[in-house]
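This report concerns only the one structure given below.
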Amino acid sequence: MLAVAVLAAGKGTRMKSDLPKVLQPLAGATLVERVLASCSGLQPNRQLLIVGHQAERVEQSLTGTATGTGGDSPYEFVLQQPQNGTGHAVQQLLEPLADFDGELLVLNGDVPLLREQTIAALLEQHRSSGAAVTLLTARLADPTGYGRVVADANGAVSAIVEHRDCDAEQRRINLINAGIYCFNWRQLAAVLPQLSTDNDQGELYLTDTVAMLRPAMHLEVADADEINGINDRLQLAQCESVIQERLRQHWMREGVTFVDPASCTLSDGTRFGRDVVVEPQCHFRGEAQIGHGCRIGPGSLIENARIGDRVEIVYSVVREAVVASDCAIGPFAQLRPGAELAQGCRVGNFVEIKKSRIGASSKVNHLSYIGDAELGENVNVGAGTITANYDGVNKHRTVIGAGSKTGANSVLVAPIQLGANVTVGAGSTLTKDVPAGALALGRAKQLIKENWQAPQG
Ligand code: UD1
Ligand code: CA
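Mind the numbering: the sequence shown is residues 767 to 1223 in my numbering, read in order.
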């Protein structure tokens, strides 16, 4: 049996934030989500979250996203109130795990870069060695702030000393405690009540149990980046750059060209086809799916969007939109939620499209707002065309049939339907439906007064 406990009750004073530390985002996922994801592949029998500071908020953030159903969350939330240290946090498990027998994997909620295979290796070593506790360690050039691990050459650990409790000699130890432990739960449960607050912070330290358990072993990680703990915004930024580098390297190996990798950011949910070229300064957030042979950027933001093959997007923002293959977008276009472009569309500069379906091969090339509209195929929307979709209270739909053309500066006052192959004269304001094949003009007749004399002052 395997139980996982994530320590997520601390305030994170050093973050200087209203947000509890474990809810800080890193490449689009919170710290605690990342920690949970790093061990989900081990299929633990129990998943316990120790919450305290803003407990409700932490709980809500996880039950809202964990299963999507709220009610049957796979997590057990255990309240630690007040927060009297990591040892005190784990003491809160004595009751919920009273009948539990097996391994307890303890993960610090602020160590978000662990790889699943690293945790699996820790568990594996723990099980095969029969140790009472096995902890993850790393050798750091600068171990400042971390607990130092006192270990012999065979990997047997005799104690962990917190940075602030170290003497000058102990400070020189560069083997540090990552905050990730695999305990034999029964043995841990027996020593937990013996913890004392006899340390610089006057807290109960989980790390003190290590000196009470025999044998205590450690596993040193090969890649020290994995055990980065986040206590302040500087460490948050460092972890962000580690994640971003991992994501970019992954996609470069999968066949994506980044012209200036360091200037681009991705999320876990970003997906690319082959032969995509990402120009400088592009940002992908949420679930962004990019097809084969696309050229994205420079300077674009794509969030929760599905982009087909061979699409070009230059200096544009695409959010919660769907773009079929062979479209060209930008420069300076905005596709807002619910924009759907069929194959081969062209959306040009200073065009905003919201909640609208644009038929195949249609063009909205310059200076337009298209909202709550349905355009057929091969529609040509003239420069400056606006769908006036909002009457101040309600939104209304505009329908434009296949093959229609709107002249420059047309205003289509919704609700309105234009049939197929309609031509709208430039500068028209239309308020009534137009039948297929018609020419619609809705503007004042031009007046010419020849030889007109301006009034004399
Ligand atoms: C801890 C370890 C240290 C290790 C480091 C690795 C202890 C005493 N020290 O130090 O050896 O090198 O992590 O990153 O464990 N928390 C609670 N309840 C509490 C206090 C903390 O749930 O009462 C949670 C925090 O939310 C956090 C985690 O435990 O997720 C670690 O707490 P933190 O105060 O950051 O410990 P460190 O000083 O970093
Ligand atoms: Ca920490």
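Backbone N, C-alpha and C fix where the C-beta goes; we use that ideal spot for every residue, glycine too.
From a predicted model like this one, the values you see are computed outputs, not experimental measurements.
Item: Spatial neighbours of Val1190 in its chain, beta-carbon cut-off 6 Å, leaving aside the 5 residues before and after; Value: Thr1172, Gly1173, Ser1176 and Ala1206
Item: Rounded separation between Leu979 and Thr884 - CA only; Value: 23 Å
Item: Sequence-distant residues of its chain with Cβ nearer than 7 Å to Leu860 (five each side left out); Value: Ala955 and Leu958
Item: Continuous alpha helix (DSSP H) stretch holding Glu1006: start and end; Value: Arg999 to Arg1019
Item: Alpha-carbon to alpha-carbon, Leu828 and Gly1052; Value: 17 Å
Item: Proximity to Asp1092 [Cα-Cα], best of Val1084, Leu1101 and Asp1075; Value: Asp1075
Item: Other residues of its chain near Ala898: CB distance less than 8 Å, five sequence neighbours each side excluded; Value: Phe949, Asn950, Gln953, Leu954, Leu979, Arg980, Pro981 and Ala982
Item: Exposure label - Thr779; buried when at least 16 CB within 10 Å; Value: exposed
Item: Cβ neighbour criterion (16 or more within 10 Å) applied to Phe1050; Value: buried
Item: Where Cys948 sits in the DSSP three-state scheme; Value: strand
Item: Unbroken beta strand (DSSP E) run spanning Gln813, endpoints; Value: Arg812 to Val817
Item: Closer than 7 Å: Tyr971 CB and nearest ligand 1 heavy atom; Value: yes
Item: Counterpart residues of Thr903 in DSSP-defined beta bridges; Value: Asn943 and Glu986
Item: Close-in-space but distant-in-sequence residues of the same chain around Val1083 (CB under 6 Å, 5 per side omitted); Value: Leu1067 and Gln1100
Item: Cβ-heavy atom distance, Asp876 to ligand 2, below 7 Å; Value: yes
Item: Beta-bridge partners of Pro791, as assigned by DSSP; Value: Thr796
Item: Whole-angstrom C-beta distance between Val856 and Leu768, which should lie under 8 Å; Value: Their Cβ separation, rounded to whole angstroms, is 16 Å, which puts Leu768 and Val856 out of contact at 8 Å.
Item: Leu1002 beta carbon near ligand 1 (any heavy atom closer than 7 Å); Value: no
Item: Ligand 2 heavy atom lying under 7 Å from the CB of Asn994; Value: no
Item: In DSSP terms, what Lys1171 is bridged to; Value: Asn1146 and Thr1189
Item: Residue from Ala907, Ala934 and Gly968 with nearest C-alpha to Ile942; Value: Ala907
Item: Delimiting residues of the beta strand (DSSP E) encompassing Arg1085; Value: Val1083 to Arg1085
Item: 8 Å Cβ cutoff met for Pro728 and Gln809; Value: The question about residue 728 has no answer here: the residues shown for the chain are numbered 767 through 1223.
Item: Any non-hydrogen atom of ligand 2 closer than 7 Å to Asn997 Cβ; Value: yes
Item: Near ligand 1: Gln847 beta-carbon under 7 Å from a heavy atom; Value: no
Item: Leu785 in three-state terms, based on DSSP; Value: coil
Item: Nearest-angstrom Cα separation, counted from Ile996 out to Asp876; Value: 5 Å
Item: Cα-Cα separation, Lys1198 to Leu1178; Value: 9 Å
Item: Glu1069 - partner residues in DSSP beta bridges; Value: Arg1051 and Arg1085
Item: Of the residues Ser806, Asn940, Asn850 and Val923, the one placed nearest Gln967, counting alpha carbons only; Value: Asn850
Item: Whole-angstrom C-beta distance between Arg1061 and Val1043, which should lie under 8 Å; Value: 5 Å
Item: Cα-Cα separation, Val770 to Asp1041; Value: 41 Å
Item: Endpoints, alpha helix (DSSP H) assigned at Ser839; Value: Taken as a continuous stretch (DSSP letters only), Ser839 belongs to no alpha helix (DSSP H), as it is neither H nor E.
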